[in-house]
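Residue numbers (the numbering used here): 1370 to 1669.
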């Protein structure tokens, strides 16, 4: 396994820790979208502080029109997919919304074929099928729950998958001009600014004086956001967007393991089978990549 695939999977694994921070913030009365706002704000603050310390000039865009890339990653991806995801959860269930979120690799693969000429291969299609089945098993999606799904929840769930996918797409364009750190920084600056009007300041500002709230908010911004997105974006720079998206489905495996070992949630054979499918998809992509590299070396 090459180091860029490892970076992508480490980033995705850190995304899987989101639930730990989010559950604690919910205990203080924050709504899902308010937690998204806290995540964007704390991430932007950390990234700006770090960039000012090491390279202040990096906070300048090379061209003003480049802002379109970060509107894409910050608004059409980060904000849009979170809004769709949380609304889908309200209209249906967490398992249904999560399963639909992980249609993202399929969106990335299709879009990447047209934009980046990334080929469809048997390995990719098989890996996509494994990740979709694996995710459904891990989150506990059943035929009965699918039968009772509302049209709105399906559309919003697919919207979250599309929004999730767009980060990989817009980042691919941005990485042609900007470093990994700058892409991540501009993404969360745009997202945090766009979310400013939607936070209930009168009702919730006093909570920021609680050290526990600050700990969970900053932790949410640092580990499963700043570090996770930097690792993922760095790996994405040297990996096909479609492959990176498939590798990132290791996230629900990590989230499930955290639920089992930290929150003492039940663990079933079906979930174990789902994890096996996802890990199998990751292994398949890596075997395909290794075979491709061997063929290229042989031709050279």
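By construction, the Cβ of each residue, glycine as well, lies at the ideal position given by its N, Cα and C atoms.
Asked: Per-residue burial, residue 1463 [other beta carbons within 10 Å of its own, 16 or more giving buried]; Found: exposed
Asked: Residue interval of the alpha helix (DSSP H) (run including residue 1551); Found: 1549-1564
Asked: Residue span of the alpha helix (DSSP H) that contains residue 1378, given as start and end; Found: 1372-1384
Asked: Same chain, Cβ closer than 8 angstroms to residue 1489, neighbours up to 5 away in sequence not counted; Found: 1478, 1482
Asked: Inter-stretch contact at 8 angstroms, needing at least 3 Cβ pairs: the region 1520-1536 / the region 1385-1394; Found: no
Asked: Whole-number beta carbon distance between residue 1557 and residue 1412, since they are thought to touch under 8 angstroms; Found: 4 angstroms
Asked: Cβ-based burial, residue 1540 [other Cβ within 10 Å; buried from 16]; Found: buried
Asked: Buried or exposed (CB count within 10 angstroms, at least 16 for buried), residue 1574; Found: exposed
Asked: Coil, strand or helix - residue 1631 by DSSP; Found: coil
Asked: Beta-carbon gap between residue 1454 and residue 1470 smaller than 7 angstroms; Found: yes
Asked: Supposed close pair residue 1438, residue 1543 - CB separation, criterion 8 angstroms; Found: 4 angstroms
Asked: Rounded separation between residue 1375 and residue 1550 - CA only; Found: 18 angstroms
Asked: Closest residue to residue 1447 among 1598, 1420, 1583, 1377 (Cα-Cα distance); Found: 1598
Asked: C-alpha distance - residue 1663 paired with residue 1606, whole-angstrom precision; Found: 21 angstroms
Asked: Residue closest to residue 1585, alpha-carbon to alpha-carbon, out of 1408, 1385, 1381; Found: 1408
Asked: Cutoff 6 angstroms; reference residue 1657; Cβ partners in own chain excluding five residues on either side; Found: 1492
Asked: Terminal residues of the alpha helix (DSSP H) in which residue 1391 lies; Found: 1387-1395
Asked: Simplified DSSP state of residue 1429, which is helix, strand or coil; Found: coil
Asked: Assigned exposure category for residue 1617 - 16 Cβ within 10 Å defines buried; Found: buried
Asked: Beta strand (DSSP E) runs wholly inside the region 1563-1650, at least 3 long, in chain order; Found: none
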